[in-house]
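The structure under discussion appears below in the form of structure tokens.
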Amino acid sequence: MRKRRLFLFVLCGFVGCVAVASHAPRPGAEKIEADEIVSKHLDAIGPESARAAVKSLSVEGNMQVRYLMGGTGEAGGPFTLISTGHKLSFAAKFNMTNYPGELFAFDGDKKSVGYMTPGQRSQLEDFLNNNGEIVQEGLIAGTLSTAWPMYDWQSRKAKLDSDGLKKEEGKELYRVTYHPRHGGGDLKIYLFFDPSSFHLVKIIYTEHVAPQMGTSPGLSSSGGLARLTLEENFGGFTNLNGLMLPTQWSMKYSSEGAGYGTSILEYDLAVGKIQPNADINGQTFRVQ
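Using our numbering, the letters of the sequence shown map in sequence onto residues 57 to 344.
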């Protein structure tokens, strides 16, 4: 009888331990506040002295664009991304008459976005033009730009919300919702950080809109809501002048709903050269 009671006691204790363990949070799964995530993220980029020493960034590479759904064809050519402070300029040049490339810029005061053909913007340009905070806040291109808002999000008076761990494409990432001081509207901005390195690995911008006549192909005034999403992904982090910066950058734009139809475009930006403190004298931060 004594042995039986001892066995039952041990068994109950074991079951209790298993129950507690099954409900215990996973290592790293505890809620981390947004400012702590940002602090760890900045440390992951590099020490403050190294970050402060970079006054400008020049990024060069090759950009390939192709339809995954809703269209056919592809285009490609060289791109440059120049930034200093909050200013940035992006230009991709394709050897095509009806699609010469992608252009957008921010001069510290106003954003400007190019046209694919006179009076008509590409789908990417139209999305950035209608959601100017993506360019004005320096969100586009992430840490490949000196304008990256995490460097001074508090002085920009942006608001950050920590959403905890979220699964994206099978990976658990810390998600932070970014609320710009100006703009926003129906646009939702989500920043994703690797929980082990705290590198920025993904940004998702998503918007529900009522379609109306505009400058994008396929836009109509029919009723209903459309869902527009731009996703950026970053990887291949490499130490450059004391900063850990991504050498892999891609974007995916998708539209679905009335007036837009269903389309998915993929942008692969193969980064070939990153030059800190490049000579940018004479650089224009406005699309002419």
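Glycine included, C-beta positions come from ideal geometry on N, C-alpha and C.
| Check | Outcome |
| --- | --- |
| With hydrogens ignored, establish whether the beta-carbon of G241 is closer than 6 Å to any heavy atom of the ligand ATP. | Within the structure as shown, the ligand ATP is missing, as the structure has no ligands at all. |
| Starting from the N-terminal side, write out each stretch of the beta strand (DSSP E) that is 3 residues or longer and does not extend beyond the stretch 176-249. | 215-224, 227-235 and 244-249 |
| If you follow the alpha helix (DSSP H) that D91 is in, where does it begin and where does it stop? | A90 to I101 |
| Report the partner residues of H50 according to the DSSP bridge assignment. | In the structure as shown, the chain begins at 57 and stops at 344. Residue 50 is therefore absent and cannot be evaluated. |
| Compute the Euclidean distance between the alpha carbons of T173 and G220, then round it to the nearest angstrom. | 43 Å |
| To the nearest angstrom, how far is the alpha carbon of I260 from that of N289? | 9 Å |
| Using CA coordinates, which residue listed in M119, K87, G102 and E287 is at the minimum distance from D324? | M119 |
| Is the separation between the beta-carbon of H255 and that of A100 shorter than 7 Å? | yes |
| What are the boundary residues of the alpha helix (DSSP H) that includes R122? | Unbroken run through R122 is the beta strand (DSSP E), S112 to M125; no alpha helix (DSSP H). |
| In terms of alpha-carbon separation, which member of R122, G298, E104 and I245 lies closest to I196? | I245 |
| With a threshold of 7 Å on Cβ separation, who are the neighbours of D163 within its own chain once the five nearest residues in sequence on each side are excluded? | K143, F341 and R342 |
| Three or more C-beta pairs closer than 8 Å, one from the stretch 329-339 and one from the stretch 218-236: is that the case here? | no |
| Rank T262, V94 and M152 by C-alpha distance to the C-alpha of V121 and give the top, closest one. | M152 |
| Classify D165: buried if its beta carbon has 16 or more other beta carbons within 10 angstroms, exposed otherwise. | exposed |
| Under the assumption that L184 contacts F160 (Cβ atoms under 8 Å), give the Cβ distance between them as a whole number of angstroms. | 5 Å |
| Per DSSP, I336 forms a beta bridge with which residues? | DSSP, once it has assigned bridges, lists no residue as partnering I336. |
| To the nearest angstrom, how far is the alpha carbon of V110 from that of H264? | 37 Å |
| Please classify E158 as buried or exposed, where buried requires at least 16 other C-beta atoms within 10 Å of its C-beta. | buried |
| Around the Cβ of S201, are there at least 16 other Cβ atoms within 10 angstroms (buried) or fewer (exposed)? | buried |
| At the level of alpha carbons, what is the spacing between Y234 and G132? | 31 Å |
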